[in-house]
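Encoded as structure tokens, the structure appears first; notes follow it.
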Amino acid sequence: MSSPGQDVTVGWFQLDGATGIWRCTPASAHPERAEAAPPLTGTTAALRALLHPADAALPLLFVGRIRATSEPLRTRFRLLDADGVVHHITAAATVRHDPTGQLIDAVGVYLDRMSAAHPTPALSDVIRDRATIEQAKGMLMLIYRLDADQAFAVLRELSQHGNIKLRILARQIVTDFRALPHPDAALADPHAYTELLRTTHLRAAPPITDESSRPPG
């Protein structure tokens, strides 16, 4: 049962064993609506960006158990969305492996119990910035087939080269990559992403407002 000030909704998810990509339907109060909703996709790294700090290790342990066993699994953890709302997640999955023991997929259902409690504005800002950086990392990992450390190294190098704060650079990369046309939901040509990365720091740079930097007259 839900507590006062809480709403319980349900959604569906799948982990692709070959790619490590999660597909997840937005939670709904009506299971049939959740199942019919367009799925969201992302990496485990992107999921980590949304985790409550106290529960950071739990989904990684869950993924490890998924890869190690074919038994049905359950887990609980908390997420923090961009508005600072706490989501208490209960997830259950069935797992399939091929004859060699490699993971095929994990498919399951989750319950989302949303709390009315909000963190402080400062914590909400940190969560939002971390989520944006992880989202940019996930995009680089998917497009260029990098691991998490390599993707972060690229972001850090671009940030230092352009003298742009990492969170601002990451936000611009996400905006730029999303703006590219994606016919039939496929990725654009990798060269298109590379060309955007070359000039991301120019679009991410804040406008000059210092009076002393303006031309006279």
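Read in full-length UniProt numbering, the sequence shown has 168 at position 168, and its numbers run on one by one without any break. Cβ atoms here follow ideal geometry from the backbone N, Cα and C, with glycine treated the same way.
Beta-bridge partners of residue i, as assigned by DSSP
i: Val86; result: Leu80
i: Val109; result: Trp12 and Ala92
i: Ile104; result: Note: Ile104 sits in no beta bridge, so no partner.
i: Thr43; result: Ile21
i: Leu51; result: Leu79
i: Leu73; result: Ala93
Anticipated Cβ contact below 8 Å, residue i with residue j, distance rounded
i: Gly20; j: Thr41; result: Gly20 to Thr41, Cβ: 11 Å. No contact.
i: Val109; j: Gln14; result: The pair is not a contact, with the Cβ atoms about 11 Å apart (cut-off 8 Å).
i: Trp12; j: Leu47; result: Contact flag wrong, Cβ pair sits at about 15 Å.
i: Ile133; j: Arg156; result: The Cβ separation is near 10 Å, so there is no contact.
i: Ile173; j: Ala136; result: 5 Å
i: Leu73; j: Leu51; result: Wrong, their Cβ atoms sit about 18 Å apart, outside the cutoff.
Contact set for residue i: own chain, Cβ-Cβ below 8 Å, skip 5 residues either direction
i: Ala56; result: Arg48
i: Thr69; result: Val95
i: Gly138; result: Gly42, Thr43, Ala45, Ala46 and Ala151
Own chain partners of residue i with C-beta closer than 7 Å, once the 5 adjacent residues on each side are dropped
i: Thr120; result: Residue placement at Thr120 cannot be trusted, given a pLDDT of 45 that sits under 50; the coordinates are not used to answer.
i: Arg171; result: Thr132
i: His97; result: Ser70, Leu103 and Ile104
i: Thr199; result: none
i: Asp129; result: Arg167
Spatial neighbours of residue i in its chain, beta-carbon cut-off 6 Å, leaving aside the 5 residues before and after
i: Ala93; result: Leu73, Ala106 and Gly108
* What runs of the alpha helix (DSSP H), each 4 residues or longer, lie entirely inside the segment 130 to 196? -> 148 to 162 and 166 to 179
* Taking contact to mean at least 3 C-beta pairs separated by less than 8 Å, is the segment 62 to 72 in contact with the segment 134 to 146? -> no
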